[in-house]
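Some notes on the structure that comes next.
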Amino acid sequence: MIWNPTKECMSADEKHHLQSQRLRKLVETVYHCTPFYRQKMQELGLLPDDIKSIDDIVKLPFTTKQDLRDNYPYGLFAVPMSQIIRLHASSGTTGRPTVVGYTRRDLSIWSEMIARCLSAYGADQNDIFSVAYGYGLFTGGLGLHYGVEHLGGTVIPMSSGNTCKQIQLMHDFGATAFASTPSYALYIAEAMEKAGIPREKFKLRIGVFGAEPWTENMRREIENKLGISAYNIYGLSEIMGPGVSHECEQKDGSHIVDDHFYPEIISPETLQSLPYGEQGELVFTTLTKEGLPLLRYRTKDLCSLNAEKCACGRTSVRMSRIVGRSDDMLIIRGVNVFPSQIESVILEMKELEPHYLLVIDRVNNLDMLEVQVEVRDGFYSDEITKMVELKKKIAHRLHSVLSISADIKLVEPYTMQRSEGKAQRVVDKRNLK
Ligand code: ADP
Ligand code: ZN
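Printed below as a string of C-alpha cells:
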C-alpha cells in the first residue's frame, strides 16, 4: 500500500516545482535565522534571491558533522528553544555528540515518513511491532515508535537488550513485525534457535532493519532463519533519524523521502556533483525541517542514486545500499577495503557465522589484517588439519575479492561478543589519524 500517493508518486514536473518552492523558502529562512549559514552564504557572495529553483542547489555551501560539533549544542537551530519540543543526540563514537532538535511539525513529518515506510513493507493497522532499537537519545527507538502509532499499528516499546524477554514477549504478544539493527536480528534468530522455540510459534512476518550497513547475503540469512521478509530502513539523526529512505516490497533500492530531503551524490575528493548511477558520497538538504534545517549535509555514506520509477509505483529517487563510508573506508597496504566486502565473503560460506571482527595493525611498517570469525556449530572441529583447511579456504576467497592477504582467526561457536545495537566490527590499531 502507498501511504501518501500524492507525495510518493509525483510526476517529475510536480516534484521539481515542489522542491524548488521548498528550497527557496528554506534558503530564505536559514539566511535570516541561522548566523552560521548567513555567514557561509556571504562568503560565497550568495543572496537568498540567487536560489530560484532546485537546480541552483549546487551553489549552496556544504555542511559537515564538524560544523555541528563546532556549534554545539544549539548553534545551528533555526528556531527559538521555545519551539523545540524534543532533542536527540547521535552516539558520538567519534567525538562530541551531535545534538538535534525537533519542532512539533518536524516530529509530525517524521512520524508520517515512518508510516510511509512501514506501508511500503506491506504493514498496516493490524500489525504489532516490537521496537528493539534503543530508546533514548538515539533516534531509532522513539523514531520507529511514533511512526508505528501514526500508521495505526500497535507498538511494543521493547528497546534493545534483554534478548530472552524480547523473544518471549514477541511470542506472547503475537508480534508480526520487529525493528532492530540487522546484527541484533541475527542474534535474536540464534537465541530463538538455542531456546528451541520453533519459528512457527511466532507470527512474525516483517523485519525493519537499519542503523548500520548490511548486505544482500545478510538479508537472506535473516529471512531464512526467522522466516520473515527483511526490509532496509536508512536514516541519520542530523537529517531526521530513521526513515529518510526505505525499501518497498520490490526490494530494489531504498526510496528517499525526496519531497522532504533532497539527495545529491558528490565526489568526496572534488566535492563536485556526480550524475545519478555513479557511486559517491550522499548529500542531503532538508527541504522542510524547522528545528535544525541543513543545507547540503555531507553524510559520508557512499552509495548511488536511481531516479527511475519503481515497479511499486513510487517515483521517489532510490538509493543503493550503503557500501561504506568515505571516512571509514579502510586502506590496507594501499588497497581500499570496505568491511562490507569481507562480510559478503563470510556470509557466503556455510561453515561460518555472520559474527566477525576485523583487526588492523601495523607490524614492521606493514599493515596486517586479521579477520576473526566464528565457525558455525557443527563445522567446528578439534582436528587441526580441518581447521587449517578452512582457514586457507577463507583466506583464498578474501584474497580474490580484496587482492590482499589476511590472517584468519577461527573462533569457536557462540563465543564472539554479540551486539544489541550497532555492531563494532573494526578495530584499527594503527593510529594513523
Ligand atoms: P551515530 O551512529 O553517529 O549515532 P546515527 O545514529 O544518526 O548516528 O547514524 C547514522 C548513520 O548510520 C548513517 O549515516 C549510516 O552510516 C548508518 N546507517 C543508518 N541506517 C543504515 C542502513 N540502513 N544501511 C547502512 N547504513 C546505515
Ligand atoms: Zn518501490
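The sequence shown begins at 1 in this note's numbering and counts up one residue at a time. Glycine included, C-beta positions come from ideal geometry on N, C-alpha and C.
Check	Outcome
Arg-205 beta carbon near the ligand ZN (any heavy atom closer than 6 Å)	no
Ile-57 in three-state terms, based on DSSP	helix
Any non-hydrogen atom of the ligand GDP within 6 Å of Leu-142 CB	Within the structure as shown, the ligand GDP is missing, the only ligands being the ligand ADP and the ligand ZN.
Integer Cβ distance of His-260 from Thr-288, believed to fall under 8 Å	5 Å
Near the ligand ZN: Arg-321 beta-carbon under 6 Å from a heavy atom	no
The stretch 243 to 257 contacting the stretch 316 to 332, beta-carbon criterion three pairs below 8 Å	yes
First through last residue of the alpha helix (DSSP H) which encompasses Gln-341	339 to 348
Reduced DSSP category for Thr-93 - H, G, I as helix; E, B as strand; rest coil	A caution first: Thr-93 carries a pLDDT of 43, below 50, which makes its placement in the model too unreliable to give a value.
The ligand ADP heavy atom lying under 6 Å from the CB of Thr-288	no
Counterpart residues of Asp-367 in DSSP-defined beta bridges	Arg-362
Cβ neighbours of Glu-353 in the same chain (closer than 6 Å, five flanking residues each side left out)	Glu-374, Arg-376
For Met-1, the nearest candidate out of Ile-394, Ala-395, Asp-407, Gly-313 (CA to CA)	Gly-313
Within 7 Å, strictly: CB atoms of Ser-159 and Gly-141	yes
Start and end residues, alpha helix (DSSP H) containing Tyr-31	12 to 33
Residues near Lys-409 by beta carbon distance below 8 Å, same chain, minus five either side	Glu-370, Val-371, Gln-372, Val-373
Alpha-carbon spacing of Lys-40 relative to Phe-62, whole angstroms	9 Å
Pocket of the ligand ZN defined by Cβ to heavy atom distance under 5 Å	Cys-248, Gln-250, Cys-310, Cys-312, Arg-314
Exposed unless 16 or more other CB atoms sit within 10 angstroms - verdict on Tyr-414	exposed
Beta-carbon gap between Tyr-201 and Gly-174 smaller than 7 Å	According to the sequence displayed, residue 201 carries Lys and not Tyr. Against a cut-off of 7 Å, the Cβ pair of Gly-174 and Lys-201 comes out as no contact.
Ala-230, enclosing alpha helix (DSSP H) - first and last residue	Here Ala-230 belongs to no alpha helix (DSSP H); instead the beta strand (DSSP E) covers 229 to 236.
Under 7 Å between C-beta atoms of Ala-123 and Cys-248	no
Beta-carbon gap between Val-100 and Ser-273 smaller than 7 Å	no
Nearest to Asn-306 (by Cα), restricted to the options Pro-275, Thr-176, Thr-29	Pro-275
Residue environment, His-355, which counts as buried when at least 16 other CB atoms sit within 10 Å	buried
Leu-236 beta carbon near the ligand ADP (any heavy atom closer than 6 Å)	yes
Beta-carbon proximity check, Ile-51 vs Gln-19, cutoff 7 Å	no
Asn-434 classed as buried or exposed, judged by whether at least 16 other C-beta atoms fall within 10 angstroms	With the chain represented from 1 up to 433, any question about residue 434 goes unanswered, as that position is not in the structure.
CB contact flag (Thr-215, Ser-82, <7 Å)	no
His-355, DSSP secondary structure in three states	strand
Among Gln-166, Ile-233, Val-30, Met-218, nearest to Leu-144 - alpha-carbon criterion	Ile-233
Distance, Asp-301 Cα to Ile-167 Cα	32 Å
Classification of Thr-6 by the beta-carbon crowding that lies within 10 angstroms, buried from 16 upward	exposed
Buried or exposed by the 16-neighbour rule on C-beta atoms within 10 Å, applied to Pro-213	buried
Nearest-angstrom beta carbon gap, Leu-26 and Pro-487 [assumed within contact, 8 Å]	Since the first and last residues shown for the chain are 1 and 433, residue 487 lies out of range.
Rounded separation between Ser-11 and Lys-65 - CA only	33 Å
Coarse secondary structure for Pro-213, derived from DSSP in three states	coil
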